[in-house]
Amino acid sequence: MARHAEQRPGDADWVARVQRLESELSGLRRAMRTRGLIDQAKGLLAERLGCDPETAFKHLSVMSQRQNISVVDLAADLVGATVPDTVPAQDPPTPPELALSQAAAVELRTAAGLDHDPARPLPQPRSRLLRRCTAAMDAATDLSALVEVLVEVGLEDPPGGVAAVFAAETDGTVRLIASHGWPARVAGEWRRSPSSLNTMVGTALRTGRPLLLDVRDPHDFVLIGPGAMRVVYPLTAGEHTVGALALLWGEPREFTDTDRAYLDRLAVAAGRALRRLWDDATADTGVAGIPVWLATALDVAGGHSHLLAPVHDEHGAITDFTITAANRGVRQTDGDTVGRRLLDVYPGLRVNGVFDDYVRVLAQDAPFARVGVAEDVFVNGKPRRVILNRRAARLGDGLLASWERIDDAVSNDERIGRLETLSRSGWAEWDLRAGDAVWSPGLYGLVGRDPAHGPTTLDKFAGFFAAADRGLFRELRAGLAKGRPDLADLRLNTPNGPTPVRVFAEADLVDGEVRLLRLVLHDVSEKYAAEDRSMRSETVAASRQIQLAAEQSLTANLTRLLYPGRDLELATSGARVTGRHYAATSPRTQLRGDFCDAERLDDGSLLFVIGDAFGTGLVAAAAVVRLRFPVVTLGAAGTAPAEILRIVNGMIMQAPDGPLASLLIGHYQPAGGILHWASAGHLQPLLVRDGAAHVVDDPAGPLLGLLEGQRFDTHTLHLRPGDTFVSFTDGVLHKRKRDPLADFGKRVAAAHRAGGTQELWQLTPPERDDEACLLILDVPPAP
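Each residue of the sequence shown is one higher than the one before, starting from 1046 at the first, in the working numbering.
Printed below as a string of structure tokens:
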């Protein structure tokens, strides 16, 4: 500019004006940074002195001159102290809004903690500096201005000073959203930092704790860009870490306790200022880190190419991609697709698996390629089957995808080769006069011969067949001399063993002589294997039918043996026990082992038991025998319900094949209306009283056969006239209900109100896939 000013004197005045405007603009920026702080001090003085703001500012100027400090520093002292600063050596306390409190609001804040003493006072110069920087950050209108203030005011513009703000993305990567002090090259490197890279920023985001690095600290971090002295603070919102604030110094230094305290308070103030700016700064959902030149470079590449940005749902899963750039080939064939969703433009990608492959590329960060794959696509509005090469690779947090049609590039031989591979077939042609032969690639694969060795003569070709089938091959050749095509089923000797093939043959005859012979071989081993599988399946099905018929007969016999009657009814003075066993209505259901029984004891009391044995068929039948009869015998001898459970559990635990079972035993004494009962893992019973059904929620012991030496508790229940005690197995429940037990209780109460005990027998549906038992103890109402 000076050289041009000398050559053109008329421009000198223009250059001076530009320099003067730049100086004025810089001064205005500095003034705006401190204006808020000075306004706060003016307001404080106006309130305490009872004057207007103009008079307060005059007092502020006079105090500044008397104490020989700047107006800004004096304002920082006044705002940071509880009274006007009259003692020059007094350090102002930490302002309440910058105090490092452990309580965190559910909003953006800084996770500070480098200083182990949050109440540590700052020296007066540092406190003034903190106030000036806080006021300047409050005046910042965007993140660029904020990081500039952090370097130039908060860090006092040190050599190599840098401030940067990062956002944490859902896949664990780090994205730079604002920086000051880094050259463009370094900022570009930070645009997208993968989670696998060991950086201080990534570590702070993962741990949620601040990190500090000075000349005393050894480390193994990857330091992107200059500045070996660094501090990183995580930024949190509620319980989530959403970003980080980094401060860097270009020259080596050590951080004292005062430095750490100051940096903590500076970071907290920056976090408060970031709350206003964070949403706008992180609103961009484009593909971070993709250079602008790349979208332009796509037009130079051939074929079709897209830049894709993932679209995530609320759980972080990729549901689609946004087309952020498309090259000329895409625009010519598909029109303007930029900004649209990928699956809206190409819905077939979901069906043919390409979309899932794209998602996998982003997850695994590995290139993807599909070469020569046939796909159904729309070409000029019409469905066509084309052959495509597809490739994709991760680029930043997005995807670079390309595809190319190769229909015309695929020769007939390649197409036939694909068909031969799919059909396990091959062909050969021998020119007997010229003595040469041509084999297809599929035939080399069938006979297990290296294509580099070339085809064999017709006579040697017979050696590929099993010895017992070579005579049939000679007969096939002889039949061709009669001028008609022929076929035969032969076996090839292959490295995997004999392979059955069907051979189709034809010959060109000239004057009755075979001049040209063609063979087509088709592998029919899968056909034979399918026939073998079908035969085996039929055999297994027949065996299964026989087994099922035997099991059905056994179930019927066991049911007749264990349950000669479906219902039981036992009454005594002042009480009645009724029970019913519901067998499964499906004829193929095996015996499950649900049972119930009751006994009237010599003293007029009633003993009843209901249980559910684990297992089916003979296992369930054996369990019922082991449980049902000892319980009744011990109860008749006067043994308490809990003691019966302990004895039976010991018997089961000693048996080598003891079953698991649930059991509920009750002993009712009508004279006192007292019911003693105990449960081993059984469903909680219901008590119907005054038209309502309640769950008797006394705790049950563990299942029988589960723990050795287990003791059980006997519970006591006083029954009133009109009460009904209902116990049952899970076959009566509607298991698809959200709370089957609560649903059953409601149905029991409604049925009892409608018709008493007799209505309860209708609660179990007539069609059942499972057994069920229902046992009811009734205390008749008072006359």
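Positions of the beta carbon are idealized from the N, C-alpha and C atoms, including for glycine.
Being a predicted model, the structure only gives us computed values, none of them experimental.
DSSP state of residue 1146, grouped into three classes? Since pLDDT at residue 1146 reaches only 36, below the 50 mark, its modelled position is unreliable, and the value read off the structure follows with that caveat. Note: residue 1146 maps to coil in three-state DSSP.
Flag this pair as yes or no: are the beta carbons of residue 1715 and residue 1696 separated by less than 9 Å? no
At which residues does the beta strand (DSSP E) containing residue 1436 begin and terminate? 1427-1440
Classify residue 1637 as buried or exposed, calling it buried when 16 or more other Cβ atoms lie within 10 Å of its own Cβ. buried
Provide the residue(s) that pair with residue 1621 in DSSP beta bridges, ordered along the chain. 1616 and 1823
Excluding five sequence neighbours on each side, which residues of the same chain lie with their C-beta closer than 6 Å to the C-beta of residue 1615? 1622, 1643 and 1645
My guess is that residue 1822 and residue 1620 are in contact by the Cβ rule of under 8 Å, so how many angstroms apart are they, rounded? 7 Å
In this structure, how does DSSP classify residue 1417 when only helix, strand and coil are distinguished? strand
Spatially closest choice to residue 1306 from 1351, 1257 and 1759, by CA coordinates: 1257
Start-to-end residues for the beta strand (DSSP E) that takes in residue 1096: Counting along the chain, residue 1096 falls outside any beta strand (DSSP E), and DSSP gives it neither H nor E.
CB contact flag (residue 1422, residue 1413, <9 Å): no
Top-ranked residue by Cα proximity to residue 1538, from 1579, 1797 and 1492: 1492
For residue 1194, which residues of its own chain have a beta-carbon under 7 Å away from its beta-carbon, when the five flanking residues on both sides are left out? 1078, 1178, 1181, 1182 and 1185
Does residue 1582 come out as helix, strand or coil in the three-state DSSP assignment? helix
Taking the straight line between their C-alpha atoms, what separation do you get for residue 1446 and residue 1192? 36 Å
Please list the segments of the beta strand (DSSP E) lying wholly inside the region 1247-1309, counting only runs of 3 or more residues, in order along the chain. 1256-1258, 1274-1282 and 1285-1294
For my contact list, residue 1351 and residue 1375 are in at a C-beta cut-off of 8 Å; report their separation, rounded to the angstrom. 7 Å
Simplified DSSP assignment, three categories, for residue 1809: coil
Starting from residue 1793, trace the alpha helix (DSSP H) both ways and give me its first and last residue. 1785-1800
Determine the contact status of residue 1763 and residue 1719, defining contact as a CB-CB distance below 9 Å. yes
Please list, in chain order, all residues of the same chain as residue 1336 whose beta carbon is under 8 Å from its beta carbon, the five residues on each side excluded. At residue 1336 the pLDDT is 48, less than 50, meaning the model places this residue with poor confidence; the figure from the coordinates comes in the next sentence. The residues are 1233.
Roughly how far, in whole angstroms, is the beta-carbon of residue 1829 from the beta-carbon of residue 1159, given that I think they are within contact range, below 8 Å? The structure shown does not extend to residue 1829, since the chain spans only 1046 to 1828, so no value can be given for it.
Beta bridge counterpart(s) of residue 1185 as assigned by DSSP: For residue 1185, which the question treats as bridged, DSSP gives no partner whatsoever.
Delimiting residues of the alpha helix (DSSP H) encompassing residue 1686: 1686-1699
What would DSSP say about residue 1655, mapped onto helix, strand or coil? strand
Element boundaries [alpha helix (DSSP H), containing residue 1400]: 1399-1409
Selection from 1189, 1196 and 1155 that minimises the alpha carbon distance to residue 1283: 1155
So for residue 1214, helix, strand or coil by DSSP? coil
Considering just the uninterrupted stretch of the alpha helix (DSSP H) at residue 1377, what are its terminal residues? 1373-1379
By the 10 Å Cβ neighbour count, where 16 or more other Cβ atoms means buried, how is residue 1331 classified, buried or exposed? Interpretation of residue 1331 is limited by its pLDDT of 41, a score under 50 that renders its predicted location unreliable; no figure is taken from the coordinates.
For residue 1630, which of 1511, 1685, 1809 and 1757 has the nearest alpha-carbon? 1809
Could you name the residues of the same chain whose beta carbon sits closer than 7 Å to that of residue 1395, not counting the 5 residues immediately before and after it, in chain order? 1388
Under 9 Å, do residue 1561 and residue 1504 count as touching if we go by C-beta distance? no
For residue 1496, which three-state DSSP category applies? helix
Residue 1388, enclosing alpha helix (DSSP H) - first and last residue: 1387-1390
Whether residue 1353 touches residue 1373 by CB criterion (9 Å): no
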